[in-house]
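Asker:
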Amino acid sequence: MKPTSPLIKQGWIRVLVFCILYFAVLVAGSFVIILLMMATGAAPTMQDALQQLNEQDSIKPILFIIIYNFSISVLMVFLFRKFIDRENIFSLGFSFRGYAKHAFIGLFAAIAIIGIGTLMLVAFKYLRFTGWFINGQDLFISLGIMVLVAIAEEMVFRGYILNNLMQSTNRYAALAISAAIFGIAHSTNPNFSWIAFINIILAGFILGINYIYTQNLWYAVLFHFAWNFFQGPVVGYEVSGLNFQSIFQVELSGNEIITGGKFGFEGSIMASVLIIIATLVQAYVYERKLKAALVKTIKA
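Using our numbering, the first residue of the sequence shown is number 119, and each one after it goes up by one.
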């Protein structure tokens with residue numbers, strides 16, 4: 119008879135083991151990629167390799183790393199879900215039926231935050247648009263990168279980590295812990311700062327707020343995709359410290375705490391305020407719906 123209970127009973131221990139192995143494999147793989155760049159003459163030193171991966175004209179090497187990270191993410195989650203959790207990977211929340219509305223709310227919420235924040239920076243003369251240019255090939259590759267990043271990271275951080283933490287503690291504690299792990303995971307990105315760290319953690323909250331009520335990933339996936347794609351390849355900010363060829367070219371001036379500087383809009387205190395507001399609004403809406411559903415169930 120096939121066992122149905124998890125191999126490791128406690129959800130938080132499953133998360134701990136997963137994180138240790140997952141990040142170890144990612145770091146080892148990235149190190150191998152850098153060594154290959156050095157061995158093939160693409161980069162004479164490790165510092166040169168890292169610099170090349172962060173330059174605007176090096177989108178293809180970035181794509182290679184993203185494909186590797188995506189593959190490892192899918193493989194690790196699949197293996198843990200099957201052999202440790204003893205559940206189907208699709209039970210993490212991949213069903214789109216009945217969740218299309220949530221998905222599009224995620225999409226438009228991300229665009230709205232980026233749009234409102236950008237307009238405010240323009241209004242207060244912290245940002246100026248200097249031109250625009252469309253490189254079809256780079257835009258298509260960037261689109262692919264953002265899709266892979268969104269699916270991989272949401273599968274890992276919300277689908278696996280948050281899901282399992284919710285089995286060990288209440289939903290808000292699980293959300294806070296998963297958001298902190300999400301922030302730490304991005305702490306090695308270029309041009310990282312304390313405000314960027316806070317904002318990545320806040321991003322973990324807004325990406326997970328829907329999941330703790332629905333256990334469905336599509337809101338988070340579309341929010342994550344839209345946030346990265348419109349922030350970088352469309353508007354022209356860096357994305358978590360990484361450069362991408364963009365449709366619009368922008369020039370930032372003034373205090374980097376306000377503009378986000380070289381980390382991107384998510385390094386701005388403007389993003390902090392907007393993300394907090396959006397998260398609290400959604401939490402309020404979900405709590406009201408949950409209470410209304412409970413009252414309806416009791417009356418029935």
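No residue lacks a Cβ here, since even glycine has one placed at the ideal position from N, Cα and C.
Would you call residue 413 buried or exposed, if buried means 16 or more other Cβ atoms sit within 10 Å of its Cβ?
Answerer: By the neighbour-count rule (16 or more Cβ atoms within 10 Å), residue 413 is not buried but exposed.
Asker: Run the CB neighbour count on residue 271, radius 10 Å, all protein chains shown included, and call it buried at 16 or more, exposed below.
Answerer: By the neighbour-count rule (16 or more Cβ atoms within 10 Å), residue 271 is buried.
Asker: What residues in its chain sit with their C-beta under 8 Å from that of residue 273, if we drop five residues either side in the sequence?
Answerer: Same-chain partners within the cutoff: 191, 192, 195, 210 and 335.
Asker: Which residues mark the beginning and the end of the beta strand (DSSP E) in which residue 368 is found?
Answerer: 366-370 is the extent of the beta strand (DSSP E) around residue 368.
Asker: Taking its Cβ as the centre, do 16 or more other Cβ atoms sit within 10 Å of residue 174, making it buried, or is it exposed?
Answerer: Unreliable placement is indicated for residue 174, whose pLDDT of 49 sits below 50; the coordinate value is still reported in the next sentence. Result: exposed.
Asker: Mind checking whether residue 277 and residue 300 have CB atoms under 8 Å apart?
Answerer: Not a contact, by the Cβ cut-off of 8 Å.
Asker: How many Å lie between residue 247 and residue 230 at the Cα?
Answerer: Their Cα atoms are separated by approximately 18 Å.
Asker: Quick check on residue 204: does DSSP put it in helix, strand or coil?
Answerer: Residue state, collapsed to three classes: coil.
Asker: In three-state DSSP terms, what is residue 489?
Answerer: Since the first and last residues shown for the chain are 119 and 418, residue 489 lies out of range.
Asker: Return yes when the Cβ of residue 297 is within less than 8 Å of the Cβ of residue 326, no when it is not.
Answerer: Closer than 8 Å, so yes.
Asker: Evaluate contact between the segment 385-398 and the segment 225-244, counting only Cβ atoms and requiring at least three cross-stretch pairs below 8 Å.
Answerer: Result yes; three or more Cβ-Cβ pairs closer than 8 Å.
Asker: Are the CB atoms of residue 338 and residue 384 nearer to each other than 8 Å?
Answerer: No, Cβ-Cβ distance for residue 338 and residue 384 is not below 8 Å.
Asker: Tell me which same chain residues have a C-beta within less than 8 Å of the C-beta of residue 137, skipping the five on either side of it?
Answerer: These residues qualify, in order along the chain: 279 and 299.
Asker: Considering only residues of the same chain and omitting the five flanking positions on each side of residue 162, which have a CB-CB separation below 8 Å?
Answerer: Correct list, in chain order: 156.
Asker: By a C-beta neighbour count over all protein chains shown, 10 Å radius and 16 as the cutoff for buried, is residue 399 buried or exposed?
Answerer: So residue 399 counts as exposed.
Asker: Just to confirm the assignment, what range does the beta strand (DSSP E) spanning residue 236 have?
Answerer: Unbroken run through residue 236 is the alpha helix (DSSP H), 218-241; no beta strand (DSSP E).
Asker: Between residue 227 and residue 396, is the Cβ-Cβ spacing less than 8 Å?
Answerer: Contact flag set, yes.
Asker: Short of 6 Å in beta carbon distance, which residues of its chain neighbour residue 124, apart from the five on each side in sequence? Order them along the chain.
Answerer: Counting only Cβ-Cβ distances below 6 Å, and skipping sequence neighbours, we find 203 and 204.
Asker: Going by Cα to Cα distance, which pick from 260, 375 and 249 is closest to residue 367?
Answerer: Ranking the options by Cα distance to residue 367, first place goes to 249.
Asker: Run through DSSP, which three-state label would residue 247 get?
Answerer: It is a strand residue.
Asker: From residue 365 to residue 381, what does the alpha carbon distance come to, in whole angstroms?
Answerer: For residue 365 and residue 381, the distance between alpha carbons rounds to 18 Å.
Asker: Distance, Cα to Cα, residue 283 vs residue 290?
Answerer: About 10 Å.
Asker: Can you list, in chain order, the stretches of the beta strand (DSSP E) that have 3 or more residues and sit fully within the segment 326-360?
Answerer: Runs of the beta strand (DSSP E) inside the segment 326-360: none found.
Asker: Checking 8 Å against the spacing of the C-beta atoms, do residue 341 and residue 225 come in under that value?
Answerer: Going by C-beta atoms, residue 341 is nearer than 8 Å to residue 225.
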